[in-house]
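Numbering (UniProt numbering), first residue to last: 1 to 616.
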């Protein structure tokens, strides 16, 4: 099964490469079809909407400034087209086509159940989607793909054009309705059937609707026979995790559908055809599984010119080609967890150091970014004899040690040291002078909101801040232990005071520790980072982060859980342009840090260390 094309294919397609255009369409058509099919469940116009989406994508590909954002852009276009179809229906109500006459290929749920071989609660969940409200079906189409690893929460937020918090609330409500619908499906298919439910549904026409969902659900809560249907429901996220995209049905686009793809735009053909790459209808059909009729297909689809060129898909007259039946073009699932709130925590405290006065799209493999390529990746390092060798091996571009100098633990020449003014007692002429010598950046106070750490009031931190500003270095905010996104929290009050006093804060520094070791941890962490950035609209440095449960058992995650979290969190931060740097807590995996550190010695990484070394 083919993977979704990488960024090199997007760039080549945007530049007019006809083979790349083919690959782009073929690679992403299943994703578009899954979103539209789930959202427009049971309607015969799924193929029309998919066609409209691909039309818009190819015509506007030249306007895409960031090729790495292609998938998010594609999803947003898809959702807009679904909404347009919903609005058209509201103006002219169109009932579901009766199951006796409906084309079986138009029934998305039946197709999903058959092609993905769903059974048990997975099948039950798929059938329950027929019972969702219209808006929730749209959201489900996105969340289903998030739970199965095909989309990220950021892509859902961008596609739905709401805040992350609003998206989380909407998804939670949709999941609640889905759970109710699952119970409805269970009750209706129970064996033996409930006699009272059969009496209740005598007048029901068999079509899912909000009214009957509510009536049947109410019955299940009050009926002794049906109430067990609410028991044993496995979380939908767990059921959907790892599921593939729904395979394209043979003949997804009916006779003449490809012709209509560009008929309305035929007048725009000439200019693009002069400089663009022409692709025959037969060639496109062979790639994406269209079934062409023997009618003359004369139409054109042009994209906006890019860098003096343009790409065009030109549908020309063809002799009758053989029918094409294409197997599923499915991207392998990525683990993408759901969102939850980050948990505040306390952690082991390292003591500050003692102070003294154009690619080939079809033949080349995707570019592999080496560990050294990321200027973002760093680590926190406390006293550790082989620190220099470990810093070199892990591929960090920077490090810090909670101190104003790295005199006792110098790193490799090509790894930047970033100094810190740890707390109020360190605001002295000597430490400020040391920090000033070390580089161009200075980190502010370490967890001033925590006893046992810098433990400073907001007022004390503001009083001392002009001293840090006087170094002339780029200045990071105090790094709070938690609640950086909270209105009225320590950081919020500090930033408000700094703004009122005209103080300079160049970027926000954050710490985060999660006690949930499941796959949800990645989204919890990234959700917190996003929320803080949204509140202050400044660059972010995550100077400490990891997984630790300070009040429960087990206290630390397994190495496998660390590897999964490191992989997901670093990829998320690499994608966020506003995240300038991040640092794992911490480099040494010795003594009391053996369960969460990265290196046992200079060249012996833990499994987590290997994952962090490969990150970035």
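Virtual Cβ for every residue (Gly too), placed ideally from N, Cα, C. Just so we're clear, the structure is a prediction, and the values are computed from it rather than from any experiment.
- Separation of the CB atoms of residue 587 and residue 391 is rounded to 7 Å, and the pair is thereby assigned contact status at 8 Å.
- Taking C-beta atoms as the reference points, residue 384 and residue 421 fail to come closer than 8 Å.
- The beta carbon of residue 174 lies closer than 8 Å to those of 132, 136, 139, 140 and 143 in the same chain, with the five residues before and after it left out.
- About 7 Å separates the Cβ atoms of residue 531 and residue 164, confirming a contact at the 8 Å cut-off.
- In the assembly as shown, residue 5 is a buried residue. Its beta-carbon has 16 or more other beta-carbons within 10 Å.
- Between residue 570 and residue 208, the alpha-carbon positions lie close to 43 Å from each other.
- Taking all protein chains in view, the Cβ of residue 377 is crowded by 16 or more other Cβ atoms within 10 Å, so the residue is classified as buried.
- Counting other Cβ atoms within 10 Å of its Cβ, residue 211 stays below 16 and is therefore classed as exposed.
- When the beta-carbon positions are compared, residue 565 and residue 614 stay at least 8 Å from each other.
- By the Cβ rule, the segment 422-432 counts as touching the segment 397-406, because three or more pairs are nearer than 8 Å.
- A straight line joining the alpha-carbon of residue 434 with that of residue 496 spans about 29 Å.
- For the pair residue 502 and residue 491, the CB atoms are not nearer than the 8 Å cut-off.
- Look at residue 544 here: in three-state DSSP terms it is strand.
- Counting other Cβ atoms within 10 Å of its Cβ, residue 581 reaches 16 or more and is therefore classed as buried.
- Taking a 10 Å sphere around the C-beta of residue 124, we find 16 or more other C-beta atoms and assign the residue as buried.
- Fewer than three Cβ pairs drawn from the segment 151-158 and the segment 179-192 lie within less than 8 Å of each other, which leaves the two stretches out of contact.
- For secondary structure counted as the beta strand (DSSP E) over 3 or more consecutive residues, the segment 168-228 holds no complete run.
- Rounded to the nearest whole angstrom, the CA to CA distance from residue 616 to residue 205 is 56 Å.
- DSSP, reduced to helix, strand and coil, places residue 245 outside both helices and strands of the structure shown, so it counts as coil.
- It is roughly 40 Å from the alpha-carbon of residue 381 to the alpha-carbon of residue 171.
- No Cβ-Cβ contact shorter than 8 Å links residue 24 with residue 85.
- With fewer than 16 other Cβ atoms from the protein chains shown falling within 10 Å of its own Cβ, residue 414 counts as exposed.
- For the pair of segments examined, the segment 68-86 was found to touch the segment 31-39: the number of CB pairs separated by less than 8 Å reaches three.
- Assignment of beta-bridge partners to residue 380 by DSSP yields 400 and 585.
- In this structure, the CA atom of residue 122 is about 10 Å from the CA atom of residue 238.
- Nearest C-alpha to residue 46 among 191, 30, 58 and 471: 30.
- Around the beta carbon of residue 449, 16 or more other beta carbons sit within 10 angstroms, so the residue counts as buried.
- Apart from the 5 residues on each side of it in sequence, residue 578 sits with its Cβ closer than 7 Å to the Cβ of 533, 539 and 540 in its chain, given in chain order.
- DSSP lists no bridge partner for residue 71.
- Counting along the chain, residue 27 sits inside the alpha helix (DSSP H) bounded by residues 18-39.
- For the set 482, 590, 190 and 240, the Cα lying nearest the Cα of residue 226 is the one of 190.
- For residue 389 against residue 603, the beta-carbon gap comes to about 6 Å, under 8 Å, which counts as contact.
- For the options 407, 399 and 432, the alpha carbon positioned closest to that of residue 417 is the one of 399.
- Taking C-beta atoms under 8 Å as the contact rule, residue 583 and residue 458 fail to qualify, at a distance of about 25 Å.
- Per the DSSP secondary-structure output, residue 605 pairs in a beta bridge with 599.
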